[in-house]
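*Asks:* In terms of the UniProt record's numbering, the sequence shown opens at residue 1 and continues consecutively.
Backbone N, C-alpha and C fix where the C-beta goes; we use that ideal spot for every residue, glycine too.
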Amino acid sequence: MEKTRLSKRLETVAGFVPEGARLVDVGSDHAYLPLFLVEAGKIAYAVAGEVVRGPFESALSNVQEAGQASNIQVRLANGLAAVEDQDQITAVTIAGMGGRLIAAILEAGQDKLKGVERLILQPNNREDDVRMWLQEHDYQLVAEAILEENEKIYEILVAEPGEMTLSAKELRFGLYLQQEGTTIFQKKWQSERSKLSWALDQVPETHRSDRFAISQKIKDIDEVLHESK
Ligand code: SAM
Numbered sequence: 001m002e003k004t005r006l007s008k009r010l011e012t013v014a015g016f017v018p019e020g021a022r023l024v025d026v027g028s029d030h031a032y033l034p035l036f037l038v039e040a041g042k043i044a045y046a047v048a049g050e051v052v053r054g055p056f057e058s059a060l061s062n063v064q065e066a067g068q069a070s071n072i073q074v075r076l077a078n079g080l081a082a083v084e085d086q087d088q089i090t091a092v093t094i095a096g097m098g099g100r101l102i103a104a105i106l107e108a109g110q111d112k113l114k115g116v117e118r119l120i121l122q123p124n125n126r127e128d129d130v131r132m133w134l135q136e137h138d139y140q141l142v143a144e145a146i147l148e149e150n151e152k153i154y155e156i157l158v159a160e161p162g163e164m165t166l167s168a169k170e171l172r173f174g175l176y177l178q179q180e181g182t183t184i185f186q187k188k189w190q191s192e193r194s195k196l197s198w199a200l201d202q203v204p205e206t207h208r209s210d211r212f213a214i215s216q217k218i219k220d221i222d223e224v225l226h227e228s229k
């Protein structure tokens with residue numbers, strides 16, 4: 001049987017899963033990520049959690065067809081409710097969802113995070129909300145990645161238990177991403193700048209506080225882009 005292949009986005013997420021981790025992949029859809037990791041021998045045990053029946057069934061049949069049903073438990077569950085004590089989960093992946101949903105899943109499932117050593121999160125937007133949740137719940141960022149695939153730019157946040165205090169700019173632009181200032185990082189924020197600049201043009205001169213807020217965001221982007229050059 002052919003081995004599971006991943007998108008560049010999910011492959012980057014997989015790269016942050018520690019060797020030998022006991023993984024829960026929340027929102028596992030086709031179970032591609034756990035299948036890839038188990039087939040590669042990087043991990044031996046995973047839970048694939050999925051809240052919607054259709055994707056749950058496709059995850060289940062993929063795992064069964066790959067002959068991995070004893071290594072990957074596929075469960076129909078909301079968020080971290082997929083985790084049971086005996087799973088002894090040490091790593092969590094949540095990818096391909098909005099940042100607010102990821103933060104809400106973590107918030108609702110805090111009791112399932114006790115033995116977890118690493119969170120690998122790939123929000124499709126609102127990365128600042130995820131960073132804020134991590135900071136407020138005693139996690140520290142240990143790595144970040146940014147990549148482009150099919151004309152979309154994705155950020156990946158990797159966190160472990162610990163403390164951090166991020167500035168407003170670090171919450172928005174990232175801790176490591178801002179320091180590294182890669183070409184893709186610059187492209188993302190140039191594009192955000194263009195959108196904000198367009199939005200500013202639509203706001204009447206009389207709406208001074210709205211104009212100020214947008215101008216401030218543009219100014220922050222200009223500063224960060226300038227510093228990361
Ligand atoms: N993680 C895969 C990826 O990154 O390619 C699938 C991403 S897909 C866009 C999001 C998946 O998360 C969907 O299958 C959706 O049903 C599932 N999902 C959304 N909210 C969830 C929740 N609270 N608990 C479990 N799964 C959830």
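If you check the beta carbons only, do E127 and G79 fall under 8 Å apart?
*Replies:* no
*Asks:* Can you list, in chain order, the residues of its chain whose CB lies under 6 Å from that of Y176, leaving out five sequence neighbours each side?
*Replies:* Scanning its chain for C-beta atoms nearer than 6 Å, with the 5 sequence neighbours on each side dropped, one finds around Y176 the residues E144, in chain order.
*Asks:* By the three-class DSSP mapping on this structure, what secondary structure does A44 have?
*Replies:* coil
*Asks:* Taking the beta strand (DSSP E) that K152 falls in, what are its first and last residues?
*Replies:* K152 to P161
*Asks:* Which partner residues of P123 appear in the DSSP bridge assignment?
*Replies:* M97
*Asks:* So who's on the other strand from Q140, going by DSSP bridges?
*Replies:* Partner residues in the beta bridge of Q140, as assigned by DSSP, are E160.
*Asks:* Taking a contact to mean a Cβ-Cβ separation below 8 Å, would you say F56 touches V158 in this structure?
*Replies:* no
*Asks:* Kindly examine the ligand SAM and report whether one of its heavy atoms sits closer than 7 Å to the Cβ of S58.
*Replies:* No, the beta carbon of S58 sits no closer than 7 Å to any heavy atom of the ligand SAM.
*Asks:* With distances taken Cα to Cα, identify the nearest neighbour of I146 among K187, K169 and E160.
*Replies:* The shortest Cα separation from I146 among K187, K169 and E160 belongs to K187.
*Asks:* Give the DSSP-derived three-state secondary structure of V38 in the structure shown.
*Replies:* helix
*Asks:* Is I89 closer than 8 Å to A115 when the C-beta atoms are compared?
*Replies:* Correcting the residue identity first, residue 115 is Gly in this sequence and not Ala. Taking 8 Å as the Cβ cut-off, G115 and I89 qualify as a contacting pair.
*Asks:* Between I105, D25, A46 and E148, which has its C-alpha nearest S7's C-alpha?
*Replies:* E148
*Asks:* Which complete alpha helix (DSSP H) runs does the stretch 61-117 hold, if anything under 4 residues is left out?
*Replies:* Fully enclosed alpha helix (DSSP H) runs of 4 or longer: 99-108.
*Asks:* Would you mind stating whether L121 and I102 have Cβ atoms separated by less than 8 Å?
*Replies:* yes
*Asks:* Report yes if the C-beta of E149 is less than 7 Å from at least one heavy atom of the ligand SAM; otherwise report no.
*Replies:* no
*Asks:* Measuring only the C-alpha atoms, how far is K42 from L10?
*Replies:* 15 Å
*Asks:* With DSSP run on the structure shown, which of helix, strand or coil describes A145?
*Replies:* Reduced to three states, the DSSP call for A145 is strand.
*Asks:* What did DSSP end up calling L6 once you bin it into helix, strand or coil?
*Replies:* The answer is coil: DSSP assigns L6 none of H, G, I, E or B.
*Asks:* At what residues does the beta strand (DSSP E) containing D25 begin and finish?
*Replies:* R22 to V26
*Asks:* May I ask which residues mark the beginning and end of the alpha helix (DSSP H) holding V224?
*Replies:* R208 to E227
*Asks:* So the candidates are L119, L141 and Q135; which of them puts its Cα closest to the Cα of E22?
*Replies:* The residue you asked about is not Glu; residue 22 is Arg in the sequence shown. Residue L119 is the option with its Cα nearest to R22.
*Asks:* Please identify the residue among F36, G49 and G20 whose C-alpha is closest to the C-alpha of G27.
*Replies:* G49
*Asks:* Around the C-beta of D29, are 16 or more other C-beta atoms found within 10 angstroms, so that it is buried, or is it exposed?
*Replies:* buried
*Asks:* Per DSSP, what are the beta-bridge partners of G54 in this structure?
*Replies:* None; G54 has no bridge partner.
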